[in-house]
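Anchor point for the sequence shown: position 192 equals 192 in full-length UniProt numbering, and the numbering is continuous, going up by one each time. What follows is a single structure, written as structure tokens, with notes after it.
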Amino acid sequence: MQITTDWFTDAGWVTAIGTVAGAVIAAVGVVIAAIALIRKKTPKSLPTSAKEVATDIVGKLLQDRDHHVRQLTAKEQEIQELTRAIQALRDPDAPDRKRRAEAEAALARGDTKKAEQLFADLERLAVDKAKTADREASAQRKRAAEAARHQGALAYLHDTHAALVHYQRAAKYDPDHPDAWNRIGLLKHRLGELPDAQTAYDRVLAIGQQTHNQEAIAVALGNLGNIAQTRGELDKAEEYHRQVLAIAEELGHKETMAGILGNLGNVVFTRGELDQAEGYYRQSLAIEQELGHKEGMAINLGNLGNIAKTRRELDRAEQYYRRALAIHKELDRKESMAINLGNLGVIAKTRGDLDQAEGYYQQALAINKELGRKEGMASDLGNLGNVAYTRGELDQAEGYYRRSLAIEKELGRKEGMASDLSNLGNVVFIRGELDKAEEYYRQSLIIAKELGHKETIASILGNLGLIAKTRGELDQAEQYYRQALAIDRELGRKEGMASQLGNLGILAEARGQMEKAEARYREALTLFRAVGARPQVEQAARLLQRVQEKQGRKQAGR
């Protein structure tokens with residue numbers, strides 16, 4: 001979810017919480033690092049052909065089914081997990097070779113049912129043996145856990161809840177195996193159940209520490225960093241990522257180093273420290289280029305585009321996004337193509353070219369419909385709603401936001417629901433329906449608090465402040481703005497801080513407190529200049545000039 005800020009000279013800063021695709025690119029690094037470490041644990045004896053088959057199967061399932069896999073990172077781990085399942089099917093010592101071959105053949109066509117049934121039978125057999133053979137009970141439970149993990153890998157692409165049940169059984173059979181707990185954490189995170197995800201990752205960390213397994217420790221720390229970053233706990237996220245980076249450097253895992261450097265870039269980017277973020281992304285890009293990892297290169301190019309966009313260097317941002325798009329086209333990564341088309345749409349919208357922006361979003365929507373990517377469809381519909389909103393076509397904007405919200409509810413994606421509810425609040429606010437707008441904002445705020453999304457919480461508090469100001473409730477508006485400002489300061493979000501300082505300046509001006517208003521506008525102007533937000537710089541400069549002129553007239557009249 002990306003936060004965009006729209007200013008209105010006399011009303012205040014309305015924060016529109018958009019479903020812009022750029023946020024997806026900026027979020028991919030964390031689990032890449034964790035997976036790179038787990039991948040090192042895969043036995044070297046695994047035949048390359050098994051991974052090739054797994055890659056083909058994942059690609060087929062991603063394109064042919066409605067699915068919840070959202071990012072490159074999830075896809076890469078699924079390939080690894082599926083490779084293990086295929087290797088299990090190819091066990092040369094297994095008695096039922098014909099059935100296993102048929103299951104693999106069906107799996108290669110994208111049909112998981114035969115393989116799922118085979119592993120379910122193996123699980124039941126192992127559980128039954130564990131009940132009757134005391135001497136072999138531990139070994140049989142481990143076999144049952146392995147079969148359950150394979151079922152989880154097969155279900156992961158098309159049924160989140162079924163996959164979760166399989167991995168939970170695996171953890172029950174073999175509670176000291178880190179892989180099942182890690183996958184439980186990933187699935188819980190996907191469902192927005194962050195406390196449960198954290199509990200699972202804490203278990204992975206404990207197992208790693210007990211067994212002195214540096215790779216498991218790094219996996220846990222990386223994903224705990226992801227949780228912290230999602231909650232807006234940036235200092236904690238940074239500390240986790242730095243610990244993982246130290247382990248990766250010690251083990252010489254360059255791929256992991258690249259991912260973690262990207263994560264650190266994401267943290268400081270969120271704080272508004274653009275120069276430092278750019279440095280991290282460039283370091284990550286250099287490693288990906290050295291390794292020849294084109295997809296990682298494209299991700300970093302997209303993140304560099306996000307920095308340029310934030311600085312309002314739109315031509316440069318467009319160049320980065322187009323380079324990333326070219327790589328994804330070369331690799332036929334349609335999901336990533338859709339994301340970058342969305343980013344190009346953001347650039348066009350920022351330039352005021354709404355027709356071109358709409359064209360990009362429609363292209364992205366067409367790809368996501370082709371892939372059955374409902375999450376991507378929801379994002380594109382939200383962006384089309386933003387275009388209609390900017391045009392003043394409020395009924396059409398509302399329609400897009402409602403369609404997006406319906407999909408997010410179907411997927412259980414609370415983050416997307418919060419975004420759409422807030423955008424619906426913006427629509428009815430413009431119509432003057434303040435009570436209805438407040439209701440939408442409060443629904444969004446409840447979800448944001450549940451998820452621990454501090455950045456979103458601050459934005460919604462700012463919008464509630466604007467409603468209070470519009471009603472003439474200036475004291476209450478000030479309370480909301482100050483709460484939002486405190487959160488943005490905690491996060492180090494300079495642009496958010498500037499917006500709330502500007503809002504406080506508008507309140508002071510409305511109260512006739514010109515010196516206080518001037519001070520707030522100056523603070524806002526300084527912060528907007530620091531992040532290169534040129535339109536906001538111009539807005540703050542106009543407000544500052546206006547209040548100075550008022551003070552001049554007041555002094556002249558004495």
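Note that CB positions come from ideal geometry on N, CA and C, so glycine has one too. Quick caveat: nothing in here was measured; it's all calculated off a predicted structure.
Would residue i and residue j qualify as a contact pair, given that the criterion is a beta-carbon distance under 8 Å?
i: glutamine 500; j: glycine 462; result: yes
i: tyrosine 481; j: glycine 465; result: yes
i: alanine 115; j: leucine 125; result: no
i: leucine 325; j: methionine 337; result: yes
i: glycine 296; j: tyrosine 281; result: no
i: glutamate 156; j: isoleucine 184; result: For clarity, residue 156 is tyrosine in the given sequence; the question names glutamate instead. Contact: no.
i: leucine 525; j: alanine 541; result: yes
i: leucine 507; j: lysine 454; result: no
i: lysine 409; j: leucine 451; result: no
i: leucine 394; j: isoleucine 430; result: yes
i: tyrosine 240; j: leucine 264; result: no
i: valine 531; j: glycine 279; result: no
i: glycine 208; j: isoleucine 217; result: yes
i: alanine 517; j: valine 547; result: yes
i: glycine 342; j: asparagine 383; result: yes
i: alanine 163; j: leucine 187; result: yes
Just how far apart, CA to CA, sit residue i and residue j?
i: leucine 434; j: alanine 418; result: 18 Å
i: lysine 334; j: glutamate 375; result: 14 Å
i: methionine 377; j: glutamate 318; result: 22 Å
i: isoleucine 247; j: alanine 180; result: 22 Å
i: leucine 344; j: tyrosine 321; result: 7 Å
i: glutamate 538; j: alanine 406; result: 38 Å
i: glutamate 330; j: isoleucine 227; result: 33 Å
i: arginine 442; j: alanine 448; result: 10 Å
i: glycine 192; j: glycine 412; result: 8 Å
i: arginine 511; j: leucine 504; result: 11 Å
i: leucine 89; j: glycine 110; result: 15 Å
i: alanine 477; j: leucine 485; result: 12 Å
i: isoleucine 457; j: leucine 445; result: 6 Å
i: glycine 432; j: asparagine 340; result: 35 Å
i: leucine 371; j: leucine 118; result: 28 Å
i: glutamine 356; j: glycine 305; result: 18 Å
i: tyrosine 360; j: alanine 145; result: 46 Å
i: tyrosine 440; j: isoleucine 460; result: 10 Å
Taking 6 Å as the limit between beta carbons, can you name the residues of its chain near residue i, skipping five residues before and five after?
i: arginine 169; result: Ala148
i: leucine 543; result: Tyr521
i: valine 381; result: It should be pointed out that residue 381 corresponds to leucine in this sequence rather than to valine. Tyr400, Arg403 and Ser404, listed in sequence order.
i: lysine 129; result: Gln140
i: arginine 534; result: Arg312
i: leucine 122; result: Ala147
i: alanine 153; result: Glu81, Leu82 and Ala85
Should residue i go down as buried or exposed, given a rule of 16 or more other Cβ atoms within 10 Å for buried?
i: glutamine 229; result: buried
i: leucine 421; result: buried
i: proline 175; result: exposed
i: arginine 143; result: buried
i: alanine 105; result: exposed
i: threonine 132; result: exposed
i: aspartate 488; result: buried
i: serine 138; result: exposed
i: serine 45; result: At serine 45 the pLDDT is 38, less than 50, meaning the model places this residue with poor confidence and gives no usable figure here.
i: arginine 84; result: buried
i: glutamine 545; result: exposed
i: histidine 150; result: buried
i: residue 631; result: Any answer about residue 631 is impossible in this case: the structure gives the chain only from 1 up to 558.
i: leucine 62; result: No answer about leucine 62 holds up, because its pLDDT of 49 lies below 50 and its placement is not dependable.
i: glycine 252; result: exposed
i: alanine 364; result: buried
Which same chain residues, not among the five before or five after residue i, have their C-beta less than 7 Å away from its C-beta?
i: lysine 550; result: Met514
i: arginine 203; result: Trp181
i: glutamine 276; result: Val268
i: arginine 316; result: Ala308
Can you list, in chain order, the residues of its chain with a C-beta nearer than 8 Å to that of residue i? Leave out the 5 residues immediately preceding and following it.
i: leucine 291; result: Lys254, Glu255 and Ala258
i: lysine 369; result: Met377
i: leucine 301; result: Leu285, Tyr320, Tyr321, Arg323, Ala324 and Ile327
i: lysine 113; result: Ala106
Any heavy atom of the ligand COA closer than 7 Å to the beta-carbon of residue i?
i: alanine 171; result: The ligand COA is absent from the structure shown, which contains no ligand whatsoever.
#### Entry: Three-pair Cβ contact test at 8 Å for the stretch 90-102 versus the stretch 192-210
no
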